[in-house]
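In full-length UniProt numbering, the protein residues as written are 1 to 474.
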């Protein structure tokens, strides 16, 4: 478990700092800036001081925002050296004194388990401490995108949405606070904000079957959310609908077969979803602005490839842009992928397969076969495109006859032609990575903005971030 926890921390650090860190620079200026707002939000004694217990409660509480959560972490990491030894609390004056004394403001993730244990140590939670650890072995560190693994049920939309929510500071707390203690440490009541009414789920329900979604660290929270969504969806969304085939295959969890994106977003976030915004109808600059807004506002976002024939007629004009260029091979159609981060400086978008692994690999070239009807008979033309976004020929299509395409590939890609026994391939991939952070091991795929635009034809995102929709009461 030690190595696994280290990997979870590495994932948490990677996505919190490299992707979201441009707007948050931990240090004394931030400590001063947010102190008044935090005392107003979490100072239970109204003494304008922040005790360790108040910070621990605030760190796990809902309703705040990512800047405040990150500032609380800054306070907790430095609490011992910044506190007033008389009051055993932080004040603006004690922080100023620490700066004047030349103390460096530290910011790291090494104490996360200590924060988790401190939260569990509160008297009202001690009877449930072991139950909470069964849910979240490492506290909020367990709620990161790389920890979620879709399993048996075809609910990629649900797992992908949860992974996207878990990629933000506020989203982690939203998920964490779905769970409410009961009088029985074997049972938690789960309340999704969009359903308003909760459902009680016992550990035994999800431990009895091996079919539920899993987490890499063994926590049961994802399986319990999956079971809760199935029960609540059947009761509140599909009370009068029955899918005999799904019921036969998935029994009481049949509502996990083909989760509706609009309904899932409404349930998980209490937020309407913008549906079928086609990335290919946006310019690169427009899409960069859109990605920045998603990250800034901590919205839940998923991408998909929807074949035209699988699209309802009224939506076909929105998804009908050609997908001839394939920057990546093995991106599955009719499957949801999460947006879990965007680094504008590096021009990298991070998406994730909810399975936690992916065979996706960069394509160097795309080859599409077209049959032309001529008076003398059918003629086959091969459309050849370069996939390197840095190349001036990126996306430019060249029409080649079968003789010319074979000659070109035999000269430049003899191994691929030998492997395919002379068949003309549709994709020519780059060598696959074998690192611990590769798509094969994490499901995380790195794309440039242009590659993302050219890969997917469906984008769905929540109208609001966690706790941000007007007039919604959680």
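Idealized CB from N, CA, C, for every residue including glycine.
Item                                                                                                                         : Value
Beta-carbon proximity list for residue 161, same chain, < 7 Å, skipping 5 on both sides                                      : 264, 265, 268, 300, 302
Residue 52 (DSSP reduced to helix, strand or coil)                                                                           : helix
Where the alpha helix (DSSP H) through residue 206 begins and ends                                                           : 203-207
Pair within 8 Å by beta-carbon distance, residue 270 and residue 194                                                         : yes
Contacting residues, own chain, Cβ-Cβ under 6 Å from residue 448 (five flanking each side not counted)                       : 347, 389
Contained alpha helix (DSSP H) runs [length at least 4] in the stretch 147-205, N- to C-terminal order                       : 156-166, 169-176
7 Å CB neighbourhood of residue 63 in its chain, flanking five on each side removed                                          : 467
Contact belief for residue 366 with residue 427 at Cβ below 8 Å, rounded distance in angstroms                               : 6 Å
Distance between residue 406 and residue 216 (C-alpha atoms, nearest Å)                                                      : 45 Å
Alpha-carbon to alpha-carbon, residue 113 and residue 477                                                                    : The structure shown has nothing for residue 477, since the chain only spans 1 to 474.
Test item: CB-CB of residue 228 and residue 212 under 8 Å                                                                    : no
Option in 313, 400, 352, 394 with minimal Cα separation from residue 437                                                     : 352
Distance, residue 32 Cα to residue 255 Cα                                                                                    : 49 Å
Close beta carbons around residue 231, own chain, < 7 Å, minus the five adjacent residues each side                          : 199
Alpha helix (DSSP H) runs wholly inside the stretch 420-459, at least 4 long, in chain order                                 : 439-442, 449-455
Residues near residue 17 in its chain [Cβ-Cβ closer than 7 Å; skip 5 each side]                                              : Per-residue confidence for residue 17 stands at a pLDDT of 43, beneath the threshold of 50, marking its modelled position as unreliable; the derived number appears in the next sentence. None.
Neighbourhood of residue 480 by C-beta, 8 Å cutoff - its chain only, sequence neighbours within 5 removed                    : The first residue shown for the chain is 1 and the last is 474, placing residue 480 beyond what the model contains.
Own chain residues within Cβ distance below 6 Å of residue 1, not counting five before or after                              : Only weak support is given to the placement of residue 1: the predicted model assigns it a pLDDT of 49, under 50, and the value that follows is read from those uncertain coordinates. Counting only Cβ-Cβ distances below 6 Å, and skipping sequence neighbours, we find nothing.
Under the three-state DSSP convention, the category residue 90 falls into                                                    : strand
Endpoints, the alpha helix (DSSP H) within which residue 46 is located                                                       : Where residue 46 is concerned, there is no enclosing alpha helix (DSSP H), given that its DSSP letter is neither H nor E.
Residues of its chain near residue 169, where Cβ-Cβ distance is below 7 Å and the 5 sequence neighbours each way are ignored : 66, 69, 70
The stretch 47-62 touching the stretch 172-183, judged by at least three CB pairs closer than 8 Å                            : yes
For residue 221 and residue 188, the rounded distance between their alpha carbons                                            : 10 Å
CA nearest to the CA of residue 458, picked from 110, 419, 277                                                               : 277
Close beta carbons around residue 410, own chain, < 7 Å, minus the five adjacent residues each side                          : 417
Residue from 460, 207, 249 with nearest C-alpha to residue 290                                                               : 460
Short Cβ contact (8 Å threshold) for residue 312 with residue 333                                                            : no
Bounding residues of the beta strand (DSSP E) (the contiguous stretch that carries residue 338)                              : 337-343
Rounded separation between residue 147 and residue 345 - CA only                                                             : 26 Å
Nearest neighbour of residue 382, chosen from 425, 362, 343, 144 [CA to CA]                                                  : 425
Burial state of residue 131 (16 or more Cβ within 10 Å)                                                                      : buried
Nearest candidate by alpha-carbon position, reference residue 57, set 72, 49, 462, 26                                        : 72
Of the listed residues 251, 335, 121, nearest to residue 157 (C-alpha basis)                                                 : 335
Proximity of residue 143 and residue 121 at Cβ, strictly below 8 Å                                                           : no
Delimiting residues of the beta strand (DSSP E) encompassing residue 348                                                     : 348-352
Cβ-based neighbour list, residue 153, same chain, cut-off 6 Å, excluding 5 preceding and 5 following                         : 256
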